Amino acid sequence: MSGEMSLKALVRVANRVRCDARFARRADPAGTFIACGRLGRAVLIAVVDRAGRGGSRKVKAAFETVERAYEAQGLRLQKPVSAEIVAIPIMGASKSLKDRHTLFVSVRAVESGMLDGLVAHEVGHMLRTEAGHPSHDPDVYGLIGREVRIPRAAEAAFGQGFNHIQDVYADDLAFLVFASDGGDRAYRFFASWIDGNAQSRGKNRWKNVGLAVSNGFAIGNLVRHELIDPDDGLWDRARAFDREAGFAAVDVFSEFFSNLPNEPSAGTFVGQVKALADLMTKAALT
Ligand SMILES: [Zn+2]
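In structure tokens:
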């Protein structure tokens, strides 16, 4: 029919379409224009109050504040998130599937002043997962399972150490939006963590190594973001923990966490995980 444009011509016209500033240009993998999608579409699709203690609106508000702060850094989740307020002993957690994320927020976190910090941290995990960072890539977990050998008694402690490696990478993003206001919230948070660990020290060697690695993460993370001085009293408290437990590990652990490379290859990452397993084994055997 005359007047009908050929497909090629249509594509050419479509590719000239520019989107209004409030919209994002969506294209297929070949770069052909599909539509102008609205910016700020809802990432948080639901907040479910499983604990029955309320707080849904607070979680939604915290999430949106964090989302805006990330957006200002050019970071945006692509997949939807549903949040659940649950009665769990930890502050929070998250789970990422192929097509969505679930954010678990504890009742304690909702009632604390740390809610936005927690959400920033968990969204950091989600962003790393979406980006396929080796620390958050299930294929890399498989490699680690095959290549990193640890004693059976060390599994729980080592699991803790591995989680902290992931936490470092989540916090490299979270600190962009959470600790950038010049305040000392991150310092106070990790200081209370080290004081809590001191009260949990037990007789089990591996359990204590797990707590020491957690201290090393707390200080190493502060070192990584230049939020602690070398003569800060927190070091003494963490070293005192080690002394009481009969080893000296916090300095090497914190050095390990503070120096983790930003964008490692899968192979380099597996090497780092091995290095932590070795440091932990050394601490346990001294
Ligand atoms: Zn985490």
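Under the numbering used here, think of the first position of the sequence shown as 574, with each following residue one higher. In this text, a Cβ means the ideal position worked out from N, Cα and C, and glycines have one as well. Just so you know, these numbers come straight off a predicted model, no measurement behind them.
For residue i, does the count of other Cβ atoms within 10 angstroms reach 16, so buried, or fall short, so exposed?
i: S575; result: Annotation note: pLDDT 41 at S575 (below 50); position unreliable, coordinate value reported separately. Answer is exposed; the Cβ neighbour count stays below 16.
i: N835; result: exposed
i: R722; result: exposed
i: P711; result: exposed
i: A615; result: exposed
i: A785; result: buried
i: A857; result: buried
i: D744; result: buried
According to DSSP, is residue i helix, strand or coil?
i: G844; result: helix
i: V659; result: strand
i: V620; result: strand
i: F860; result: Beyond the ends of the chain as shown, which are 574 and 859, falls residue 860; an answer cannot be given.
i: G665; result: strand
i: D654; result: This sequence places Val at residue 654; Asp is not what is there. In this structure, V654 counts as strand in the three-state DSSP scheme.
i: A821; result: coil
i: E836; result: coil
i: I792; result: helix
i: Q739; result: helix
i: M528; result: Absent from the structure is residue 528, since the part of the chain shown begins at 574 and ends at 859.
i: S575; result: With a pLDDT of 41 at S575, under the threshold of 50, the modelled position of this residue cannot be trusted; read the value that follows with caution. S575: coil per DSSP, three-state reduction.
i: K631; result: helix
i: T859; result: coil
i: N777; result: coil
Would you say the beta carbon of residue i comes nearer than 6 Å to a heavy atom of ligand 1?
i: D740; result: yes
i: T856; result: For the sequence presented, residue 856 should be read as Ala rather than Thr. Outside the cutoff, so no.
Is any heavy atom in ligand 3 found nearer than 6 Å to the beta carbon of residue i?
i: A743; result: By its list of ligands, the structure shown excludes ligand 3, since it contains just ligand 1.
Tell whether a beta-carbon distance below 7 Å holds between residue i and residue j.
i: L749; j: Q646; result: yes
i: A839; j: P707; result: yes
i: V692; j: F762; result: no
i: R623; j: E657; result: yes
i: H709; j: F790; result: no
i: V659; j: H674; result: no
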